[in-house]
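Participant: Quick one: structure below, then a few questions.
Residue numbers (the working numbering): 162 to 411.
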C-alpha cells in the first residue's frame with residue numbers, strides 16, 4: 162500500500178468538493194476548498210516529495226490547460242482523467258501523463274461498451290490505461306457511476322467484472338462516491354472486497370480523514386490497495402497533516 166496524491170480541477174481551479182454534489186450546471190455544488198495555488202504548484206510539491214501514481218482529475222470543461230501544466234511540471238509522475246477519449250488520450254500522454262484514466266467513454270446507456278474500450282486500448286496500450294470504476298451503493302451492490310458520478314450504470318463491482326476488465330488496463334481507480342469529500346471515514350466494505358478481488362494495482366479514494374484510516378485501508382485491503390486522501394489534508398484546507406501522511410509507515 163502507498164499514499165497517492167490527487168489534484169482535482171473544477172472551472173480551472175484546484176478544488177476539493179463533495180463528489181456526490183457534482184452536476185452539469187454546478188447548482189448544489191459543495192466546495193470544501195478552493196486553492197489560491199495552481200495545479201503546477203501541487204505537481205511540483207508531489208514531485209519534490211517523491212510521490213508517484215497520483216492523479217489529476219478534470220471535473221468538467223475548462224480544466225484542460227491547468228491539467229497540462231501539472232503534467233508538464235511532473236512528467237511521468239501523474240495520471241490524468243476527465244473527458245478522456247481516443248481522440249485526446251495520446252496528447253495527454255505526450256505532454257507527460259504516465260497514464261490516462263477513463264470512465265464515461267467506455268460506458269453507454271448504462272452498459273460497458275467493449276468497442277469503445279478496445280478503441281481506447283488501441284490508442285494507449287493496456288499498460289498506460291487506468292479504468293475509473295468509481296461507484297455508489299444501491300440495493301446491496303456497488304454500481305459504477307458515470308457523468309460526474311450522477312448516472313448509475315448496470316455494471317456492478319464484482320470479482321468477475323474486475324477480473325475481466327483487468328485484462329484491458331494497468332490499474333483501477335475507485336472512488337467511494339457516497340463518502341467522497343465528506344471526511345466521514347472510508348467505506349470499509351468496499352476496500353475489503355477490492356483487497357479480495359482486484360487482480361491489478363488499485364487505488365481507493367473517498368472519506369479518508371486520519372492516519373487511522375490509512376492503517377484501516379492497509380489492513381482491510383491486505384496491503385494491496387493504495388489510498389488517495391484529498392479534502393482531509395491540510396494542503397487542501399483540512400486538518401490531517403500532509404507531512405504526517407508522508408511519514409506514515411505502512
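In this text, a Cβ means the ideal position worked out from N, Cα and C, and glycines have one as well. Source: prediction; values computed, not measured.
Since residue 277 contacts residue 266 with CB under 8 angstroms, what's their CB separation in whole angstroms?
Facilitator: As a first step, residue 277 must be located in the chain shown, where it is residue number 116. As a first step, residue 266 must be located in the chain shown, where it is residue number 105. With 8 angstroms as the limit, residue 277 and residue 266 qualify as a contact, their Cβ atoms being about 6 angstroms apart.
Participant: Kindly indicate the opening and closing residues of the alpha helix (DSSP H) around residue 229.
Facilitator: Against the chain shown, residue 229 aligns to sequence position 68. 225-234 is the extent of the alpha helix (DSSP H) around residue 229.
Participant: With DSSP run on the structure shown, which of helix, strand or coil describes residue 289?
Facilitator: Counting from 1 along the chain shown, the entry for residue 289 is found at position 128. DSSP places residue 289 in helix when its eight states are reduced to three.
Participant: Residue 409 by DSSP, collapsed to three states: which one?
Facilitator: Residue numbering aside, residue 409 sits at position 248 when the chain shown is read from its first letter. Coil at residue 409, not helix or strand.
Participant: Taking only runs of the beta strand (DSSP E) that begin and end inside the segment 318-364, which ones reach a length of at least 3 residues, in chain order?
Facilitator: If we require 3 residues or more, the beta strand (DSSP E) runs fully inside the segment 318-364 come out as 332-336.
Participant: Whole angstroms are fine: how far does the CA of residue 334 sit from the CA of residue 240?
Facilitator: Along the chain shown, one-based indexing puts residue 240 at 79. Along the chain shown, one-based indexing puts residue 334 at 173. So the two alpha carbons sit approximately 10 angstroms from each other.
Participant: Decide if residue 223 is buried, meaning its Cβ has at least 16 other Cβ atoms within 10 Å, or exposed.
Facilitator: For the purposes of this step, residue 223 is taken as the residue at position 62 of the chain shown. Answer is exposed; the Cβ neighbour count stays below 16.
Participant: Is residue 392 closer than 9 angstroms to residue 194 when the C-beta atoms are compared?
Facilitator: On the chain shown, position 33 is the one that residue 194 refers to. On the chain shown, position 231 is the one that residue 392 refers to. Yes, Cβ-Cβ distance for residue 194 and residue 392 is below 9 angstroms.
Participant: Give me the Cα-Cα distance between residue 237 and residue 230, rounded to the nearest whole angstrom.
Facilitator: The residue labelled residue 237 in the question sits at position 76 within the chain shown. The residue labelled residue 230 in the question sits at position 69 within the chain shown. Distance between the alpha carbons of residue 237 and residue 230: 13 angstroms.
Participant: Flag this pair as yes or no: are the beta carbons of residue 291 and residue 331 separated by less than 9 angstroms?
Facilitator: Sequence index remark: in the chain shown, residue 291 carries index 130 (1-based). Sequence index remark: in the chain shown, residue 331 carries index 170 (1-based). The answer is yes: Cβ separation under 9 angstroms.
Participant: Does the distance from the CB of residue 308 to the CB of residue 336 come in under 9 angstroms?
Facilitator: Locating residue 308 in the chain shown gives position 147, where the first residue counts as 1. Locating residue 336 in the chain shown gives position 175, where the first residue counts as 1. No, the pair does not count as a contact, with Cβ atoms beyond the cut-off.
Participant: Residue 235 to residue 349, Cα distance in whole Å?
Facilitator: What you label residue 235 is simply residue 74 of the chain shown in a count that begins at 1. What you label residue 349 is simply residue 188 of the chain shown in a count that begins at 1. Looking at the two C-alpha atoms, the distance is approximately 32 angstroms.
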